[in-house]
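**Q**
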Amino acid sequence: MERQRYSLFTLARHALTGHRGWKPAWRDAAPKERYDVIVIGGGGHGLATAYYLARNFGITNVAVIEKGWIGGGNAGRNTTIVRSNYLLPGNIPFYEHSLKLWEGLEQDLNYNAMVSQRGILNLCHSDEQRDAFERRGNAMRLQGVDADLLDPAEVRRMAPFLDFDNARFPIFGGLLQKRAGTARHDGVVWGFARGASDRGVDIIQNCEVTGFVRDAGGRVTGVETSRGKILTGKVGMAVAGNTSRVASFADLRLPIESHVLQAFVSEGLKPVIPGVITFGAGHFYISQSDKGGLVFGGDLDGYNSYAQRGNLSIVEDVCEEAMAIMPMVGRARVLRSWGGIMDMTLDGSPIIDRTPVPGLYLNGGWCYGGFKATPASGWCFAHLLARDEPHPVAASYRLDRFASGQLIDEKGAGAQANLQ
Amino acid sequence: MIISCPHCGLRDSSEFYFRGEAPTPRPDYEEGNVAFADHVYGRINPAGPQKEHWYHAAGCRSWLLVERDTRTHDFLSVTLASEQGR
Amino acid sequence: MTRLQAGGLIDRTKAVDFRFDGRALTGFAGDTLASALLANGVRIVGRSFKYHRARGILTDGIDEPNALVTLRGGARAEPNCRAPSVELFDGLEAQSQNCWPSPSFDLMAVNGLFSKIFVAGFYYKTFMWPAALWERLYEPLIRRAAGLGRLSGQADPDSYDRSHAFADLLVVGSGPAGLSAALSAARSGLRVLLVENDSRVGGRLLSERHEVGGQSGTAWAAAALRELAANDRVTILTRTSLFGAYDGNSFGAVERVSDHLPITADGQPRQRYWKIVAAQAIFATGATERPIAFGGNDRPGVMMASAIQTYVNRYAVAPGKRVAIFTVCDTGYDVAADLAAAGVEIAAIIDARGQPTRDVAFAPVIAGEVVRTFGRSLKAIEVRRFDGGMERMAVDLLGMAGGWNPNVGFASHLGKRPDWCDTLQAFRQGTLPGGMMFAGAADGALSLADAMASGEAAARRICDAAAAAQPMVVSAQASPHVVSDSGQKSFVDFQHDVTVDDVLLADREGYRSVEHLKRYTTLGMATDQGKAGQVLGHAVLAQHRDAGMAAIGTIAARPPHTPVAIGALAGVHRGEHLKPTRLTPTHRWAAENGASFVNAGLWKRAQWFTRPGDKDWLASAVREAKAVRSTVGICDVSTLGKIEIVGPDAAMLLDRLYGNMMSTLPVGKCRYGVMLREDGFVFDDGTVARLDDNRFVITTTTVNAVAVMRHIDFALQVIWPGLKAHACSITEGWAQIAVAGPLSRALLQDLLPAIDLSNEAFPFMAALAGEWNGIPMRLFRLSFSGELAYEIAVPTNHGDALVRALALLGRAYGCTPYGLEALGILRIEKGHVAGGDLNGQVTAHDLGLGRMLSKKKDFIGRAMAERPALVDPGRQMLVGLKPVDPAQRFSAGSHLFRKGAAQVASESQGHITSVAYSGVFDHWIALGLLEHGPERIGETIAAASPVRGTCIEVEVCSPVFFDAAGERLRA
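Protein chains in written order, with the working numbering: chain A, 1355 to 1774; chain B, 226 to 311; chain C, 560 to 1530.
#1: Below 7 Å CB to CB, which residues in the same chain sit around Gln1497/A once its five sequence neighbours on both sides are set aside?
#2: For Asp1061/C and Thr1080/C, which I take to be in contact (beta-carbon distance under 8 Å), what is that distance rounded to the nearest angstrom?
#3: Tell me which residues of the stretch 1581 to 1593 of chain A have at least one Cβ-Cβ distance to chain C shorter than 9 Å, keeping chain order.
#4: Please compile the residues from chain A whose C-beta is within a distance smaller than 9 Å of the C-beta of Ile269/B.
#5: Count the other C-beta atoms from every protein chain shown that fall within 10 angstroms of the C-beta of His232/B, then say buried if there are 16 or more, exposed otherwise.
#6: Is the CB-CB distance between Thr1246/C and Arg1230/C below 8 Å?
#7: Cutting at 8 Å between CB atoms, please list the residues of its own chain near Arg311/B, excluding the five before and the five after it.
#8: In this structure, does DSSP put Ala306/B in helix, strand or coil?
#9: Quick one: complete alpha helix (DSSP H) runs, 4+ long, within the stretch 1174 to 1208 of chain C?
#10: Could you work out which residue in Gly1768/A, Ile1419/A, Glu1764/A, Ala1686/A is closest to Gly1444/A when comparing CA atoms only?
#11: Which first and last residues belong to the beta strand (DSSP E) in which Arg1254/C is found?
#12: Any beta carbon of chain A sitting closer than 8 Å to that of Thr249/B?
#13: According to DSSP, is Gln1774/A part of a helix, a strand, or is it coil?
#14: If you scan the stretch 1583 to 1658 of chain A from start to end, which runs of the beta strand (DSSP E) of 3 or more residues do you find wholly inside it?
#15: Between which two residues does the alpha helix (DSSP H) carrying Asn1410/A extend?
#16: Taking 8 Å as the CB-CB limit, is Asn1158/C close to chain A?
#17: Which residues in the same chain have their Cβ closer than 8 Å to the Cβ of Val1073/C, if we skip the five residues on either side of it in sequence?
#18: Starting from Tyr266/B, follow its DSSP beta bridges and name the residues at the other end.
#19: What's the call for Cys990/C, buried or exposed, on a 16-neighbour Cβ count within 10 Å?
#20: According to DSSP, is Lys1793/A part of a helix, a strand, or is it coil?
#21: Quick one: measure Cβ to Cβ for Gly712/C and Val1688/A, integer angstroms, because I've assumed they're closer than 8 Å.
#22: Using the Cα positions of Lys1441/C and Gly1345/C, report the straight-line distance between them to the nearest angstrom.
#23: If we cut at 8 Å on Cβ distances, does His1745/A have a partner in chain C?
#24: I believe Glu1514/C touches Gly1497/C by the beta-carbon criterion, under 8 Å. Please report the beta-carbon distance rounded to the nearest angstrom.
#25: From Arg1304/C, Val1267/C, Arg768/C, Leu1302/C, pick the residue whose C-alpha is nearest to that of Ile1289/C; which is it?
#26: Evaluate Met1696/A with the Cβ neighbour count: other Cβ atoms within 10 Å of its Cβ, from every protein chain shown; 16 or more gives buried, anything less gives exposed.
#27: For Gly1369/C, return the contacting residues in chain A, with the cut-off set at a CB-CB distance below 7 Å.
#28: So if DSSP puts Arg1325/A in a beta bridge, which residue, or which two residues, is it bridged to?
#29: Between which residues of its own chain and Gly1409/C is the CB-CB distance below 6 Å, once the five residues before and five after are set aside?
#30: At what residue ranges does the stretch 1339 to 1391 of chain C contain a whole run of the alpha helix (DSSP H), taking only runs of 4 or more?
#31: Does Gly1656/A come within less than 8 Å of chain B when only Cβ atoms are used?
#32: Report the neighbours of Asp1296/A on chain C: residues whose CB is nearer than 9 Å to its CB, in chain order.
#33: Taking C-alpha atoms, which residue in Gly1724/A, Gly1491/A, Leu1365/A lies nearest to Asn1439/A?
#34: List the whole-angstrom C-beta distance separating Thr618/C from Pro643/C, where the pair is believed to meet the contact cut-off of C-beta under 8 Å.
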């Protein structure tokens, strides 16, 4: 299929013919009998994996198999934050690699995913928290990542509308990553889909995996789907929200619990919040979309769920914390709330690794941080699938770390999913 | 969500603390790391009925063994965890 | 003026003055802002989101996409209020939005010139080069142009309330079906809660002209209200919008207590958030009329037919002088009849169903469709007659009667999607969540009689299982109507400017799932969340693909059903009430003594006590710490968790909870202990005191008090339910005060003359339970400071008396109150870990406590603590650190490097966990975690904080800076 370039020029040219000349952004493919690699999951991670398999390794006989419509899981349900402000050495290089990919993504994909580096400001409300921010900011700087520790006056210059003298949790300062920001989540999915499809990848929607095909030695040689059996050399799983379920088809038991996380958007408002702001005396984050909606969220509901919806007590917590840091939003209205299913690992960090089952590879356990990881996750999973060895920046995301103790526990919360 | 606590009756779930899927029984030390790793980190994480532990923190302080459907949030049974296996 | 001479549910004796965009206008009590604007002849009220097209009032309710205004001013400015749902009040001020300088003349309308380029998703295809211009140019322009109203930027000055309600039956909506259901249930004795979004009950009865049982519909509704109000088992909440359905038959609603008033009454909230639990719920939420897609269907003067009916009948406003009705259902005929009855000229009824269903006397009925419209605000329409030919008609008002979509979204809140119903030609709720029913128009019973029967039947089903078997009536409708080849923009989402062509473009580009369609075109993402136009948009797709609507599918409705103010959901939990504040037993005394307080979890603890002459907080803290080292100090430590464990197996339980052995602890003694999590990392530390054979009191850190209690309950109830022991938190029950310093024994001996506190009788780590002044008292010889020290506990309500007694007796010894900062200095001087050192990422071994872990017993965390990575000799371990140049200081969070090593991550060998200024040594000291730390005592290394731009040389030393032999605490 001939690639249609996107630009203001082509847009104007197509306008002359009433935009009747545009072709599908990606081919809606029917499954072939056999592929070199099958990626299960047409979310951001799966599509990015297929894109980079083709782009970086020339592996184009690839199928992305999606149960519903692409981007219908967490890729289309997140709060669109991109950042690399992590603490631990196992995490920072990976997320920084991701942020660098975000920075060049639109030009690479020729698709405007509206990556907007308006910064993320974490607020702190105690001396201990400021010390922890200093440690984290230093860890970032030492990895070559930008970080600034702000005093309250500097925070005030950035966001004068905050409630600095909150009667309960006044603001002690903040940690700023200027290069962080947001991206248009659906655009990311569609951009990767288009890029992968242009390079020959088959994107197969409405095709649900129901089992694995295995040979006598136990090796996975294909997948059973609602549209029949498809054979392959390697299967990569990128099925956030369903990781345990799909892994169970291969009798794997993973260190993952699936939890619901709610997110919220307000009615459209004129620009009022500059970047992403987080509240430190609870769990609350907020940004404003280009369309004007305040996009915000907080903690997990706290119980395992596959239902993609939450309950009122978290709605209340989130709104209380919104009012605690920016009481100007009292008269802004919540327009829509929704829930996504977070595959929470028991140390809060993801897994990109081979599994004990030959031929089956796992990309999962992104907790509630999967969106920002999308490009690097695809990049590194493609590397693993192509080379059979981990990419250096994802080398810590091993599945056996729970047995060995090489955990990547940013919060130090231990083996309880809803605390991570 | 509303949980029927065996001691306290119908109570809002905000009174309870959720710990997670009920783990396999705790092994003895002698059973070694592999058994413990499974106990601490192994999860079935079913999409459907799941056995899990809730704690009535703002009530009777009982640990409850709950069976709940993770697709619908329906509570199928609630019992005192201490009465399991007795 | 377009106000009719008579009729309407308005009070013509009460004129109400208001302002719109600064213009002084007048309406009547009972008006909405929309009806008053129409009555004043205001036709253009706002501009659309993308093309800035002029827009007029389209609907009569909360789903209004066009007439969005900002109400009030200053800090009370409220953006995006829907004019048809704003009750008029005296002095109301409203501003139009999204236009400059005015809705009639908007400079941003220039966007419309580029509308051929600004099609669905155009922004995904452009603004990519050069990359740096996105944040600097393109995005700011887009952001400025987008958005609707503007927040004031000031704190919301109003208050919000939160209430709970419980009922046997919740009825949502008080139209004919809702009232019938409520009456029937109330007569059966159920506790009924009736929730109505409007200021009056009646629903569509207020908008239409019906007779019910020989009286007018409004009179019947008023009678029903009287009956319900007289029943004390019925609660009626008007001006209350139910916004969400949640698990456990829970519902959220917001009552607008004061929004319809000029000023919030004293002591009243602006709004009240209701949490409702109801065994059963009947949703008589009505239906939303759907528009018809034809050219220029967004022109001011094109309105929903049902809205015209509301304005004519309820508000006595004729929004036009010469009217055409474009209909695909009988609603259009009813509306035309009402207009005719009000004396308005009807140009034509245009029925697109092919065969007109009714002949009417007052207007010609044309089988055909409206193709396009003309005029800045509507002046004419062009009609395509099915019998051939186009006809141009001069009208200033066009009603669209495109059929009805039942309001079934609440079922989707609980995960149950509606199904396409061919008879109804709309989505209807087939699968119901438990405890939820739909009735009336919301269930597809569109006629008055059917709706009332449906409501009553729904109520009966609750009381009578037999009734449940009866089938429900479903009205027949025509399919959603799309006019082709209009040559003008045909809108399916008015606010977001989504056109028929946009839907087709999305389809062409492969965005074929309705979710892709929504996300690519923004269809259904406006403030009405697609209630008006989404089904129509999907119908465009269905007709284009020649597919059924069932195959096209629908978008799940999500809460809130109608948007809810963030302030309302936060309720009373604002400012100091965000979280509970816990005060220590000595809080008042501390405040009297100059304490500054700091948050410690939910607690407020004294951080330092300012004395005259202290030049800053550090001077106060250093003075206090020195006093402890030289004389005696007192400090409230009540916030530490305290748990009493009793029973014949209590000692065995403690052996399993702690890494070290506790069963060997003699009665009357304390022991320091460390608890691990089952994953082998340090959970908490504290002391265990044995008061008698079967009774122990343990302490936890402040932050883990609750978690440790839960953990112990888990051990007792889940892991080892056979153990005969009980545990109970006594944190709130006892006030505990540390008395520390060389003179502490003398002071305490004065307080407790009857108890021998000599070193022989009450040595280090001794514990006893006794009395002070006849009050139960517990005394522990514990030292966090490294000095001779005690902790004394009395029941909480005596804590204030105790601290005052200690302070009074302590005058003789120079007794000094000390706060958290001094406590920090003292413990760091002694190398005790706390706070930032115990971050959940460290092992007992890391903290130099590895030898405490018993090898003789199993305990929680033992096995996993032996995992390879947890016993790696290369792990970072606790050390002390001091600046090589004593004049220099460092900060917690600095990273540690070999001297001369490059400051890059791969060279980082650890970090500083806590720092303090030591008055004893007159320089800064720190604790930190360092690779191979204990082997490197005496080595000079670098501590760098790139975010502060600092790097200094530090010497690695023992974490115990002061009195390493521990002589002072045993003195």
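Where a beta carbon is used, it is the ideal one built from N, C-alpha and C, also for glycine.
**A** The relevant details are as follows:
#1: Taking Gln1497/A as the centre and dropping the five residues before and after it, the same chain places the C-beta of Ile1446, Pro1447, Glu1450 closer than 7 Å to its C-beta, in chain order.
#2: 5 Å between Cβ atoms; contact.
#3: Taking 9 Å as the cut-off between beta carbons, none of the residues of the stretch 1581 to 1593 of chain A comes near chain C.
#4: Those within 9 Å of Ile269/B in chain A are Ser1598, Ser1602, Arg1607.
#5: The residue in question, His232/B, is exposed, as its Cβ has fewer than 16 Cβ neighbours within 10 Å.
#6: It is a contact, given that the beta carbons lie within the stated cut-off.
#7: At Arg311/B the pLDDT is 48, less than 50, meaning the model places this residue with poor confidence and gives no usable figure here.
#8: Helix at Ala306/B.
#9: Fully enclosed alpha helix (DSSP H) runs of 4 or longer: 1176 to 1189.
#10: Measuring from the Cα of Gly1444/A, the nearest candidate turns out to be Glu1764/A.
#11: From DSSP, the beta strand (DSSP E) with Arg1254/C extends over 1254 to 1259.
#12: Chain A contact via Cβ: absent.
#13: Coil at Gln1774/A, not helix or strand.
#14: The qualifying runs are 1610 to 1622, 1630 to 1633, 1638 to 1642, 1647 to 1658.
#15: Taken as a continuous stretch (DSSP letters only), the alpha helix (DSSP H) holding Asn1410/A covers 1398 to 1411.
#16: Chain A contact via Cβ: present.
#17: Within the same chain, Val1073/C has close Cβ partners His1097, Leu1100, Ile1111, Gly1112, Thr1113, Ile1114.
#18: Tyr266/B is not bridged to any residue.
#19: A small fix is needed here, since residue 990/C is Thr in this sequence, not Cys. Exposed, by the Cβ-count rule.
#20: The requested residue 1793/A does not occur in the structure, where chain A is confined to residues 1355 to 1774.
#21: No, Gly712/C and Val1688/A are not in contact; Cβ-Cβ is about 19 Å, not under 8 Å.
#22: Approximately 19 Å, taken between the alpha carbons.
#23: At least 8 Å separates the CB of His1745/A from every CB of chain C.
#24: Sure, about 7 Å apart at Cβ, within 8 Å.
#25: Scanning Arg1304/C, Val1267/C, Arg768/C, Leu1302/C for the CA closest to the CA of Ile1289/C turns up Val1267/C.
#26: Buried is the call here.
#27: Residues of chain A passing the Cβ test: none, with the nearest at roughly 29 Å.
#28: Past the edges of chain A, shown from 1355 to 1774, lies residue 1325/A, and the structure says nothing about it.
#29: Ala1403.
#30: If only uninterrupted alpha helix (DSSP H) runs of at least 4 residues are considered, those enclosed by the stretch 1339 to 1391 of chain C are 1358 to 1369, 1379 to 1388.
#31: Taking Cβ atoms only, chain B reaches closer than 8 Å to Gly1656/A, which makes this a yes.
#32: The question about residue 1296/A has no answer, for chain A in this structure spans 1355 to 1774.
#33: It is Gly1491/A whose Cα lies nearest to the Cα of Asn1439/A.
#34: At roughly 6 Å, the Cβ-Cβ gap stays under 8 Å, so Thr618/C and Pro643/C are in contact.
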